[in-house]
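**Q**
Number of protein chains: 4
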Amino acid sequence: EVKTQKGDYLIGIGKKDFDIRAIGYMDGIKDIHIVSDDYKLVSRKWKVNPTYIDLGDGIKIQEGGFQIMAGPCSIEGEDQIRKTLAHLKENGISIMRGGVYKPRSSPYSFRGMGIDGLKLWYELAKEAGIKIITEVMQVSQIEEMDPYVDIYQVGARNTQNFNLLDELGKNTDKPVMIKRGISGTIDELLYSAEYVFSAGNERLLLCERGIRTYEKATRNTMDLNAIAVLKEKTHLPVIADPSHGIGIRHHVAPIALASIMAGADGVIYETHEKPEEAYSDGQQTLNFPESNKLIHQMNKTFELRESF
Amino acid sequence: EVKTQKGDYLIGIGKKDFDIRAIGYMDGIKDIHIVSDDYKLVSRKWKVNPTYIDLGDGIKIQEGGFQIMAGPCSIEGEDQIRKTLAHLKENGISIMRGGVYKPRSSPYSFRGMGIDGLKLWYELAKEAGIKIITEVMQVSQIEEMDPYVDIYQVGARNTQNFNLLDELGKNTDKPVMIKRGISGTIDELLYSAEYVFSAGNERLLLCERGIRTYEKATRNTMDLNAIAVLKEKTHLPVIADPSHGIGIRHHVAPIALASIMAGADGVIYETHEKPEEAYSDGQQTLNFPESNKLIHQMNKTFELRESF
Amino acid sequence: EVKTQKGDYLIGIGKKDFDIRAIGYMDGIKDIHIVSDDYKLVSRKWKVNPTYIDLGDGIKIQEGGFQIMAGPCSIEGEDQIRKTLAHLKENGISIMRGGVYKPRSSPYSFRGMGIDGLKLWYELAKEAGIKIITEVMQVSQIEEMDPYVDIYQVGARNTQNFNLLDELGKNTDKPVMIKRGISGTIDELLYSAEYVFSAGNERLLLCERGIRTYEKATRNTMDLNAIAVLKEKTHLPVIADPSHGIGIRHHVAPIALASIMAGADGVIYETHEKPEEAYSDGQQTLNFPESNKLIHQMNKTFELRESF
Amino acid sequence: EVKTQKGDYLIGIGKKDFDIRAIGYMDGIKDIHIVSDDYKLVSRKWKVNPTYIDLGDGIKIQEGGFQIMAGPCSIEGEDQIRKTLAHLKENGISIMRGGVYKPRSSPYSFRGMGIDGLKLWYELAKEAGIKIITEVMQVSQIEEMDPYVDIYQVGARNTQNFNLLDELGKNTDKPVMIKRGISGTIDELLYSAEYVFSAGNERLLLCERGIRTYEKATRNTMDLNAIAVLKEKTHLPVIADPSHGIGIRHHVAPIALASIMAGADGVIYETHEKPEEAYSDGQQTLNFPESNKLIHQMNKTFELRESF
């Protein structure tokens, strides 16, 4: 039995055949589905209609809509936040990305501004009418972060941090975007979503951000196949991250546009007033003029796709 | 010193610094370039203007143009050829793909109709005003095939068959499309092109067809990053093969469209009147109505890209 | 400045050249090393002598010694624990492995006996004079687990759970074995060790357990190259896990013996009285007669290696 | 129907059930096997007894024996050949490796001494009582090379050069060692062997030489799992190539020894009087003192393995 914000589900897992009508006749049972996938609740076999995420103030993420999330890799301070918000507003963008807790391979790298950076950012974004998405790295951060987050991001190194997934299912009603693992399979991403969903939080997004392969000419290998496959397998919205997917600034735009044609419901990318001075990921970050141009092109590309 | 159809090149490879003006003053030297890439002749650092392939009868493959190549995995017989040609003509497509020599993992699979199939196909296509592209598997086939081929294809298992590349450089003036190896790097693909180019044949196309990764939900992992990177690194046209890139019939179209946004100069894909009866690759082959629709969408997508 | 249990280290990270003798003349500085690796404290360039882990009661893990850790995938109950302990004692093995918190891809799989299972197991093992190694999955478990653990294991899905690594550095003096990530690089494993070491806990072991590749005939691809490379790069002991490395019961033994020849300081593998009835990983678990035989062969192989 | 040097085989491939006794009663049928693997003739399900390769003069490659093949990457000239032969004789080694046709990623690299180098080498080796193994790159080389070859090697870039495999099946009775593809699966290697075997040449060896993965600390990832799996699946001898498998000179020895424990029937590695002056692969080539030591250790390791 699984309780979520929208209702209770009774999930039966088993290999034996039995007459499911016996359940259907029981009191309080609204509907029965037989789902052959191992992930039950996030499967489109169970729920055909796409999930949409309502962020309030008329901002939604949904199939058939198109949402852009843009901002710096790391939140660096008030001036940077204000300039980014202004850039987004000028372009009609409703969601700003940024990191205050940064997972870093080396313990000696910049690890982010932490909770104070988050509070500052959240207040400034709220004033500007913009929602924020930011990474949560561990269970103990949830309580503190929760009032200042519009969407949680689970990073590629935490896709299989099952305790974190469990807690994001149980202890928040904020939406959660789960990134595919660094070398995660499509199925593993769906299972990770199943953790959060079955623990009680149905407001989920999935994100393709490139996978690790032998090819070293690019930071990761953006797997646009995965977007096409995910759109078939699950009712959850699918977001593309071309910045991490290719990792080279002047190639971000074509991969962003390609992601839309592959079926993405949204794109998240990195932009900064001065990428060369960014605390992290500058090599894959667009400056504002590049970002202006990309936004225009993405909107046109989405329009064309929807016309097909 | 490298002789090609368009002229002779003197390539100097070395690590020592010397005054290149000493060469520039020599008789008969038209121009000098210093190319830091290990592949010299196919690099855009050496030749900034894009190469175009003129197939005659007004049919060209070139940057800024867009060419579609479609047809079955295997050539199966006259009826199939005629129906495919008719389908292409209706859609204004100028190049038909098909295999008469099929590389197969198992020695017990269908290996193609061979040279007789090629002759039949070539004559029918010529009547219809359509060019053909087909795979050459070994050096000894070149002489026999040459009169009946418009474009040679070097398959993913032969990308590093260096003898074959050498011979295609020396013994034909027909264009050659080299597919990326099954787990080939972008650099290896460029080196393979350098083999053919430096052996004398400059009429080259490169093709991204998906790479081998750990992900098994799709046949290969289509690497659209590679298209963006190749378009920067080389002056040769770049073609996308979404059929092999994802390997699942109902996902071919979004990946084809995505490839165009990533920068492809053309798309090659598999179509057959009755995919379920095709001798090979039926699971990734479009039927004609699906193909009609995709052609329309690709043309629209290319138009939009060029408008940016 | 980094404080650990054995002393304080002053680490300078920077690109500028300066006269390091200026530091050497300062009071309280015992020694200075220049380490060009990005991981400083775990590098053999800094500390040439191998680290050894003293578990008490004469049980050590160290270069030039050889330690076997064996036991079930999951702790299942008292009877299973007692039988495994007896099997280990008969063979002179000093360390038992087992999981009480199990990371599982699907939320519907068995997730382990938890803290009560750990307490029971620890008491029984202590009576038997045997040390235990078990996986910790999250920060909040450390305090509760700490009295009942001899060695913590950080699993392949948590190799880059940097908060967990930080806490294992700060809040325990128990040894920690870090498994290589599912598709982690050798460098990333060393960086993860650097997290724990620089946070204060020097008692570290590294473990090669196979990586994710395109090859699907085996569960993972055991990377014995990594053992040879790690033994060169770091002073920490290196353990091999052939059970996960190949994932097929009847192939565990040859890979275990191969690991020793590649340079492993110890082997960890799965054994169970009745593998076919094990709650998890039965397909890669040895029964006791197979385990008896393997222990004998490993000891002989280690002896031979040391004679070279 | 498949004809080989040892007899004719009638292979039935199909999915329908029928009474195989109907075939058994036919004249001239000696034995019937049902083999569920897609590769039939190289499967151990069909032929339980291991294949052995008799090279003449008492030199055999076989399960339960152990053969070492050593020599330079490239044959460079008479002096180098003589010195290598002397080194091998001193150590009781019967097979020398070397390349006269070198597949090179770049067309500007050294491509080998060719047929004249082969003739010279073969004569010198014959005098010394030593057999040679060398790579054949294309069909047209077979006729010319055949009198001067003891074992053909098919390189990792030609594992799926099906025409070459076919011809090595039909037009020579010399043994053939097939290397696993650069990112070839175990099954693909077995299929490639099936090509040669079903075309008529049963004298086959398989070679694991490392696969391409994301890990860049080593040249390739030596997959010792593959050796264990191949020894189960096929009756053909399996050889390990630690030189290419790890690609780092001072790590070749531990990987060679590990390969033996994993089940290899032989080891092939690169040695040169002065590795730093070798025309190719110097970074992974042992000098003669290192080679002496390794041979001793390999023989001891094989002895121990056989004692188990």
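So the protein sequences, as listed, match chains A, B, C and D.
Terminal number for the first sequence in our numbering: 309, no gaps in between.
Terminal number for the second sequence in our numbering: 309, no gaps in between.
Terminal number for the third sequence in our numbering: 309, no gaps in between.
Terminal number for the fourth sequence in our numbering: 309, no gaps in between.
Think of the CB as a built atom: it goes at the ideal place given N, C-alpha and C, for glycine as much as any other residue.
Does the CB of K180/C have a neighbour CB from chain B at under 8 Å?
**A** Answer no: the Cβ-Cβ gap between K180/C and chain B never drops below 8 Å.
**Q** How would you write the range of the beta strand (DSSP E) that V268/A sits in, first residue to last?
**A** Residues G267 to E271.
**Q** Between R220/B and chain C, is any beta-carbon pair separated by less than 8 Å?
**A** For R220/B, the answer is no, since every Cβ of chain C falls outside 8 Å of its Cβ.
**Q** In this structure, how does DSSP classify T49/D when only helix, strand and coil are distinguished?
**A** The question names Thr, but residue 49/D in the sequence shown is Val. Reduced to three states, the DSSP call for V49/D is coil.
**Q** Would you kindly work out how many angstroms separate the C-alpha atoms of N226/A and L258/B, rounded to a whole number?
**A** Cα-Cα distance, rounded: 12 Å.
**Q** Return the residue from the list K175/B, K301/B, L305/B and N159/B that minimises the CA-CA distance to E189/B.
**A** Checking every option, the nearest Cα to that of E189/B belongs to N159/B.
**Q** CA-CA distance, K301/C and L165/D?
**A** For K301/C and L165/D, the distance between alpha carbons rounds to 44 Å.
**Q** Would a check of beta-carbon distances place E189/D closer than 8 Å to chain C?
**A** So no, E189/D is outside the interface.
**Q** Run down chain D in chain order and give the residues with a C-beta less than 7 Å from the C-beta of I183/B.
**A** S184, listed in chain order.
**Q** Do Y280/B and E77/B have their CB atoms nearer than 8 Å?
**A** Cβ atoms of Y280/B and E77/B: closer than 8 Å.
**Q** Taking any Cβ of chain D, which residues in the segment 253-265 of chain C have a Cβ under 8 Å from it, in chain order?
**A** Within the segment 253-265 of chain C, the qualifying residues are P255, I256, L258, A259, S260, I261, M262, A263 and G264.
**Q** Quick one: is Q392/D near chain B, going by C-beta distance under 8 Å?
**A** The structure shown has nothing for residue 392/D, since chain D only spans 2 to 309.
**Q** With a threshold of 8 Å, are at least 3 pairs of Cβ atoms found where one atom belongs to the segment 178-194 of chain B and the other to the segment 129-137 of chain D?
**A** The segment 178-194 of chain B is not in contact with the segment 129-137 of chain D.
**Q** Secondary structure at K16/B, three-state DSSP: helix, strand or coil?
**A** Confidence in K16/B is poor, its pLDDT being 41 and thus under 50, which makes the residue's placement unreliable; the coordinate value appears in the next sentence. Looking at K16/B - three-state DSSP - the assignment turns out to be coil, as it is neither helix nor strand.
**Q** Would you be able to state if there are at least three C-beta pairs under 8 Å between the segment 95-114 of chain C and the segment 60-79 of chain C?
**A** They touch, by the three-pair rule.
**Q** Please report how far the alpha carbon of F303/D lies from the alpha carbon of G264/D, in whole angstroms.
**A** So the alpha carbons of these two residues sit roughly 9 Å apart.
**Q** Measure how close the beta-carbons of I247/A and M223/A come, nearest whole angstrom, since I'm counting them as under 8 Å.
**A** With a Cβ gap of about 6 Å, I247/A and M223/A count as contacting.
**Q** List, in chain order, every chain B residue whose beta-carbon is nearer than 8 Å to that of E216/A.
**A** Under the 8 Å cutoff, chain B gives T186, I187, I212, D224, N226 and A227.
**Q** Would you report the Cα separation of R213/C and Q285/C, rounded to the nearest angstrom?
**A** Distance between the alpha carbons of R213/C and Q285/C is about 17 Å.
**Q** Could you say which of H236/C, L231/C and V268/C lies nearest to P310/C if we only look at CA atoms?
**A** Past the edges of chain C, shown from 2 to 309, lies residue 310/C, and the structure says nothing about it.
**Q** What number of angstroms, rounded off, separates the C-alpha of A307/B from the C-alpha of M262/B?
**A** Before going further, note that residue 307/B is Glu rather than Ala in the sequence given. Cα to Cα, E307/B sits roughly 10 Å from M262/B.
**Q** If you scan the segment 208-242 of chain A from start to end, which runs of the beta strand (DSSP E) of 3 or more residues do you find wholly inside it?
**A** The segment 208-242 of chain A contains these whole beta strand (DSSP E) runs: 239-241.
**Q** If contact means a Cβ-Cβ distance below 7 Å, which residues of the segment 275-303 of chain D contact chain C?
**A** From the segment 275-303 of chain D, only Q298, K301 and T302 have a Cβ closer than 7 Å to chain C.
**Q** Measuring CA to CA, which of G283/C, G156/C and V253/C is closest to K103/C?
**A** Cα-wise, what sits closest to K103/C is G156/C.
**Q** Grab me the residues of N92/A's own chain with a C-beta within less than 7 Å of its C-beta, minus the 5 sequence neighbours each way, in chain order.
**A** Taken in chain order, the residues that qualify are N293 and I296.
**Q** Residues of chain D with CB closer than 7 Å to the CB of V268/C, please, in chain order.
**A** Chain D residues near V268/C: none, gap ~12 Å exceeds 7 Å.
**Q** Using a cut-off of 9 Å between C-beta atoms, extract the partners of I247/B located in chain A.
**A** L225, N226, A229 and V230, listed in chain order.
**Q** Could you tell me which of L237/A, T219/A and D55/A sits nearest to R45/A, measuring between CA atoms?
**A** The shortest C-alpha separation from R45/A is found at L237/A.
**Q** Is the CB of H153/A under 8 Å away from at least one CB in chain C?
**A** A quick correction: the sequence has Tyr, not His, at residue 153/A. No, Y153/A does not count as interfacial toward chain C.
**Q** So that I know if they touch, is there some Cβ in chain D lying closer than 8 Å to that of L42/C?
**A** No, because no Cβ of chain D sits closer than 8 Å to the Cβ of L42/C.
**Q** Compute the beta-carbon to beta-carbon distance between E277/B and F289/B, rounded to the nearest angstrom, for a pair I have assumed lies under 8 Å.
**A** Rounded, the Cβ-Cβ distance is 13 Å, inconsistent with contact.
**Q** Helix, strand or coil for E136/D, going by three-state DSSP, please let me know.
**A** Three-state DSSP puts E136/D in a strand.
**Q** Short of 6 Å in beta carbon distance, which residues of its chain neighbour Y40/C, apart from the five on each side in sequence? Order them along the chain.
**A** Result list for Y40/C: L191, Y192 and E195, in chain order.
**Q** What span of residues does the beta strand (DSSP E) with Q68/D cover, start to end?
**A** Q68 to G72 is the span of the beta strand (DSSP E), which, as asked, contains Q68/D.
**Q** Taking only beta-carbon atoms, is F309/C less than 8 Å away from chain D?
**A** Yes, because at least one Cβ of chain D sits closer than 8 Å to the Cβ of F309/C.
**Q** Along chain C, which residues have their Cβ under 7 Å away from the Cβ of L305/D?
**A** The answer, in chain order, is K301, T302 and L305.
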